[in-house]
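Once you know that position 320 of the sequence shown is 374 in the working numbering, the rest is easy, because the numbers rise by one and skip nothing. By construction, the Cβ of each residue, glycine as well, lies at the ideal position given by its N, Cα and C atoms. Source: prediction; values computed, not measured.
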Amino acid sequence: MKPLVIGNKAARLPIVQGGMGVGVSLSGLAGAVAHAGGVGVISAAQIGFEEPDFLTNCHESNLRALKKHLALAKEQSRGGLVGVNIMAATKEYEAQVRAACEAGADLIISGAGLPADLPGMVRGYETQTKIAPIVSSAKSARVILKLWDRHYQRTANLVVIEGPEAGGHLGFTREQLESITRMDYDREIRAIIEAVQEYGRKYGRHIPVVVGGGIFDKADVKHALELGADGVQLATRFVVTKECDAAQAFKQAYLDADASSIEIIKSPVGMPGRAIRNAFLEKVSRGQVRVNRCLSCLAACNPAKAPYCITQALIAAVRGDVENGLIFCGTNAARLKQMTTVPELMEELTI
55 MKPLVIGNKA
65 ARLPIVQGGM
75 GVGVSLSGLA
85 GAVAHAGGVG
95 VISAAQIGFE
105 EPDFLTNCHE
115 SNLRALKKHL
125 ALAKEQSRGG
135 LVGVNIMAAT
145 KEYEAQVRAA
155 CEAGADLIIS
165 GAGLPADLPG
175 MVRGYETQTK
185 IAPIVSSAKS
195 ARVILKLWDR
205 HYQRTANLVV
215 IEGPEAGGHL
225 GFTREQLESI
235 TRMDYDREIR
245 AIIEAVQEYG
255 RKYGRHIPVV
265 VGGGIFDKAD
275 VKHALELGAD
285 GVQLATRFVV
295 TKECDAAQAF
305 KQAYLDADAS
315 SIEIIKSPVG
325 MPGRAIRNAF
335 LEKVSRGQVR
345 VNRCLSCLAA
355 CNPAKAPYCI
365 TQALIAAVRG
375 DVENGLIFCG
385 TNAARLKQMT
395 TVPELMEELT
405 I
């Protein structure tokens with residue numbers, strides 16, 4: 055397989071590990087993927103949850119932890135590419151982008167909202183830190199690239215497509231998630247790639263595109279490349295690796311899941327997502343779960359009306375309390391049957 059070339063940087067393998075928060079993809083997983091030849095990605099979402107002052111100094115603990123994990127992952131990668139996934143919807147967005155740049159991130163991937171001002175936030179770090187919006191449609195690709203072109207006279211270094219089979223927060227309505235077929239979305243992927251290359255041609259270069267959501271095996275990788283993508287992004291499969299930063303109980307929840315236990319949920323900010331059914335989700339379905347403390351993570355979240363605190367739910371799960379936490383996952387979590395390692399998975403996907 056060809057390397058994934060992102061501006062003046064290149065990953066030996068066209069595999070991007072999707073960012074998973076809270077705490078599922080930190081320096082351990084990202085560093086291992088980067089060392090194995092892919093692009094390792096740290097999730098910045100409430101990354102400081104293990105810092106001693108997280109509850110009293112959330113903002114500073116997140117920035118401190120972000121820089122710490124980037125340094126650890128870069129050291130472990132031994133020259134590989136390490137990126138950060140930063141949600142545009144977070145209240146700390148600009149501060150986290152600047153911290154990632156200062157810590158030497160190779161790439162910032164940004165979705166969960168429109169990263170309209172991301173180019174301005176990385177100004178001065180363009181040689182070191184590349185930027186990649188997450189899109190789900192040709193329309194959204196054109197919107198963000200037009201904004202960047204008009205206001206910053208630049209374009210993306212990479213574009214990430216996240217399809218309807220992905221986990222976490224999704225850029226679709228519930229109705230779309232329940233009706234889109236893979237064939238339908240293949241047509242959309244081709245349309246997105248063409249929309250992106252319209253701007254590539256304007257700037258006289260090829261803009262690489264990677265496809266995520268439902269990528270499980272080498273056949274899926276091959277299919278994405280045949281559609282015209284330059285690489286793939288996958289997250290769910292990396293959860294059941296030895297190197298994943300989540301607790302073993304979290305990984306076991308993936309191994310124990312079947313198709314009937316994976317459902318589409320509504321997050322506190324109204325976005326649909328995909329998660330594993332457990333006691334926590336059953337409790338949420340019966341009424342509001344009390345929000346005892348607001349950590350001001352998402353700009354659109356109103357703690358007085360939120361059905362539960364997504365930060366508390368995600369932290370509980372990643373620490374291993376899988377019955378009282380939120381376990382985001384992709385559609386293919388039901389196909390996972392055994393633990394593996396990052397080198398083994400990378401070899402399986404590419405050799």
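Item to check | Proximity below 8 Å, CB of residue 381 to CB of residue 330 | outcome: yes
Item to check | Anticipated Cβ contact below 8 Å, residue 91 with residue 118, distance rounded | outcome: Wrong, their Cβ atoms sit about 29 Å apart, outside the cutoff.
Checklist entry - Alpha carbon to alpha carbon, what distance is there between residue 346 and residue 250? => result 44 Å
Checklist entry - If you draw a straight line from the C-alpha of residue 166 to the C-alpha of residue 302, how long is it? => result 27 Å
Checklist entry - Under a three-way DSSP split, which group does residue 139 fall into? => result strand
Item to check | Any 3 or more C-beta pairs closer than 8 Å across the segment 139-159 and the segment 193-210 | outcome: no
Next on the checklist: Do residue 328 and residue 221 count as a contact pair if the criterion is CB distance below 8 Å?
Outcome noted: yes
Item to check | residue 224 (DSSP reduced to helix, strand or coil) | outcome: coil
Next on the checklist: Can you give me the C-alpha to C-alpha distance between residue 196 and residue 273, rounded to a whole angstrom?
Outcome noted: 29 Å
Item to check | Proximity below 8 Å, CB of residue 283 to CB of residue 247 | outcome: yes
Checklist entry - Rounded to a whole number of angstroms, what is the C-alpha to C-alpha distance between residue 271 and residue 229? => result 27 Å
Checklist entry - If you drop the 5 nearest sequence neighbours on each side, which residues of the same chain put their C-beta closer than 8 Å to that of residue 254? => result 209, 260 and 261
Item to check | Residue range of the unbroken alpha helix (DSSP H) whose run includes residue 153 | outcome: 147-156
Checklist entry - Would the segment 121-130 and the segment 154-163 be scored as touching if the rule is three or more Cβ pairs under 8 Å? => result yes
Next on the checklist: Pop quiz: residue 311 and residue 387 are said to be a contact at Cβ under 8 Å. What is the actual Cβ separation, rounded to whole angstroms?
Outcome noted: 5 Å
Item to check | Ranges of the alpha helix (DSSP H) found wholly within the segment 236-284, counting only runs of at least 4 | outcome: 236-256 and 272-280
Checklist entry - Comparing alpha-carbon positions, which option in 61, 84 and 57 lies nearest residue 397? => result 84
Item to check | Selection from 110, 187 and 115 that minimises the alpha carbon distance to residue 138 | outcome: 187
Item to check | Buried or exposed (CB count within 10 angstroms, at least 16 for buried), residue 133 | outcome: exposed
Checklist entry - Would residue 12 be called buried (16 or more neighbouring beta carbons within 10 Å of its own) or exposed? => result Only positions 55 to 405 of the chain appear in the structure, and residue 12 is not among them; the question remains open.
Item to check | Which of helix, strand or coil DSSP assigns to residue 56 | outcome: coil
Next on the checklist: Buried or exposed, going by whether 16 or more other CB atoms sit within 10 Å of the CB of residue 405?
Outcome noted: exposed
Item to check | Start-to-end residues for the alpha helix (DSSP H) that takes in residue 303 | outcome: 302-310
Checklist entry - residue 308 and residue 286 look like a contact to me (Cβ under 8 Å); what is the Cβ gap, rounded to whole Å? => result Rounded, the Cβ-Cβ distance is 19 Å, inconsistent with contact.
Next on the checklist: Using the three-state DSSP reduction, which class does residue 372 fall into: helix, strand or coil?
Outcome noted: helix
Next on the checklist: Nearest by alpha-carbon distance to residue 198: which of 239, 183 and 215 is it?
Outcome noted: 215
Next on the checklist: Taking the alpha carbon of residue 202 as the reference point, which residue from 176, 181 and 225 has its own alpha carbon closest?
Outcome noted: 176
Checklist entry - Who are the Cβ neighbours of residue 320 in its own chain at under 7 Å, not counting the five residues just before and after it? => result 326
Item to check | Backbone secondary structure at residue 290 - three-state DSSP | outcome: helix
Checklist entry - If we count the other Cβ atoms within 10 Å of its Cβ and call it buried at 16 or more, is residue 193 buried or exposed? => result exposed
Checklist entry - What whole-angstrom Cβ distance do residue 61 and residue 211 have, given they're in contact under 8 Å? => result 5 Å
Checklist entry - According to the Cβ coordinates, are residue 162 and residue 183 closer than 8 Å? => result yes
Item to check | C-alpha gap between residue 400 and residue 279, whole angstroms | outcome: 16 Å
Checklist entry - Is residue 190 buried or exposed, if buried means 16 or more other CB atoms sit within 10 Å of its CB? => result buried
Next on the checklist: Just to check my reading of the structure: residue 79 and residue 96 have Cβ atoms closer than 8 Å, yes? What is that Cβ distance to the nearest angstrom?
Outcome noted: 6 Å
Next on the checklist: What does the alpha-carbon distance come out to for the pair residue 390 and residue 383?
Outcome noted: 11 Å
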